[in-house]
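Engineer: Dumping the structure here so I can ask a few things about it.
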Amino acid sequence: MNLVKSCLDDLEKTWKQGETVHGPYSDEPLDGLVLTILSQNTNDRNRDRAFAALKAHFNTWEEAAAASAQELSDVIRSGGLSNIKARRILEVLNRVHSHFGDFSLKTLRGWETEDIRRFLEDTPGVGAKTIACVLLFDLGRPAFPVDTHIARVTRRLGWAEASMAPEEIQILMEELVPPERYNEAHLNLITHGRRLCTSRKAFCVECPLRDRCPYPERESED
27 MNLVKSCLDD LEKTWKQGET VHGPYSDEPL DGLVLTILSQ NTNDRNRDRA
77 FAALKAHFNT WEEAAAASAQ ELSDVIRSGG LSNIKARRIL EVLNRVHSHF
127 GDFSLKTLRG WETEDIRRFL EDTPGVGAKT IACVLLFDLG RPAFPVDTHI
177 ARVTRRLGWA EASMAPEEIQ ILMEELVPPE RYNEAHLNLI THGRRLCTSR
227 KAFCVECPLR DRCPYPERES ED
């Protein structure tokens, strides 16, 4: 735990994500859920472009739910995998409406975290990372989303086994990291993976964690 804490401290000194308050995208958690679906297999810029196009084209989620999959796909095309994401968004909107009678997830704020998790798990197209993002960023609940950058960095650091799936790494990180640092640690690890510990090359000489990371030694042996 002390090793993890020292690494998190140095990541915060380097990337300073904890200095910015990263609250919910909007007052409506459903916005955050749709935004996270749009983020799947793309970058933040394309995700945001697709979400902005969606909001500009439809005045309400009710209007979006009434659209065809093809129309919705055309609107969000800039986000990539638009046919798949359009179907998922429509399934989410239909489930939310059938369960709550409207197009809002604000009711979830009064639910227990495990009840929220179970509801989202039963929602088509919603996986562990999406659930964790909604819990952490839109509902302020303890959860640690794991994306491809976090999975790579934690494996290289030796915290996670190479064979561990992202869902398993999420459970591990929720045990290793204090809940009050989930937001900061999640964002700093992503930034670290994008800037220094990239998939193509790890810039170990510049890394603030080099003295606590076994990856440079493994690389030098290859």
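Every number in our numbering is 26 more than the matching position in the sequence shown, counting from 1. We put the beta carbon where it would ideally sit given N, CA and C, even for glycine. No experiment lies behind these values; they were computed from the predicted model shown.
1. In the structure shown, what three-state DSSP assignment does C223 receive?
2. Any idea if K42 is buried or exposed, counting beta-carbon neighbours within 10 angstroms, 16 or more meaning buried?
3. Could you work out which residue in L56, L146 and A211 is closest to T86 when comparing CA atoms only?
4. Give me, in chain order, the residues of the same chain whose beta-carbon lies closer than 7 Å to that of F126; leave out the 5 immediate sequence neighbours on both sides.
5. What first and last residue would you give for the alpha helix (DSSP H) that runs through I197?
6. Would you check if the distance between the CB atom of A76 and the CB atom of R103 is smaller than 9 Å?
7. Got a sec? Which residues, its chain only, sit under 6 Å from H83 by beta carbon, not counting five neighbours each side?
8. R207 and I195 - do their beta-carbons sit closer together than 9 Å?
9. Taking the alpha carbon of T62 as the reference point, which residue from F163, V231 and W185 has its own alpha carbon closest?
10. Measuring alpha carbon to alpha carbon, tell me which residue in S65, N72, S108 and A158 is nearest E16.
11. Are the stretch 116 to 130 and the stretch 31 to 38 in contact at 8 Å, needing three or more beta carbon pairs?
12. Alpha helix (DSSP H) containing A228: first to last residue?
13. Hey, H218 and L37: beta-carbon distance below 9 Å or not?
14. Whether or not the stretch 111 to 126 and the stretch 62 to 71 are in contact is what I'm after, with contact meaning three or more pairs of Cβ atoms, one per stretch, closer than 8 Å; do they touch?
15. Just confirm the distance between the C-beta atoms of V179 and L202, as a whole number of angstroms; I'd bet it's less than 8 Å.
16. Less than 9 Å between the C-beta atoms of G58 and E210, yes or no?
17. Can you list, in chain order, the stretches of the alpha helix (DSSP H) that have 4 or more residues and sit fully within the stretch 52 to 112?
Structural biologist: On the basis of the data shown:
1. Judged by DSSP in its simplified three-state form, C223 adopts strand.
2. K42 is exposed by the Cβ-count criterion.
3. Cα-wise, what sits closest to T86 is L56.
4. For F126, where only same-chain residues beyond five positions count, the Cβ hits under 7 Å are T133.
5. Here the alpha helix (DSSP H) through I197 covers P192 to L202.
6. Cβ distance < 9 Å, so A76 and R103 count as in contact.
7. If we look at H83 and ignore the five residues flanking it on each side, its Cβ neighbours are V101.
8. No, the pair does not count as a contact, with Cβ atoms beyond the cut-off.
9. The residue with the shortest Cα to Cα distance from T62 is F163.
10. There is simply no residue 16 to check, as the chain begins at 27 and stops at 248 in what is shown.
11. Three or more beta-carbon pairs separated by less than 8 Å are not found between the stretch 116 to 130 and the stretch 31 to 38, which leaves the two stretches without contact.
12. It is not in any alpha helix (DSSP H) - A228 carries neither H nor E in the DSSP assignment.
13. Contact: yes.
14. The count of Cβ pairs closer than 8 Å, one atom from the stretch 62 to 71 and one from the stretch 111 to 126, reaches three, so the stretches are in contact.
15. Incorrect: roughly 13 Å between the Cβ atoms, too far for contact.
16. Against a cut-off of 9 Å, the Cβ pair of E210 and G58 comes out as no contact.
17. Taking only runs of at least 4 residues, the alpha helix (DSSP H) segments lying wholly in the stretch 52 to 112 are 55 to 65, 70 to 83, 87 to 92 and 95 to 101.
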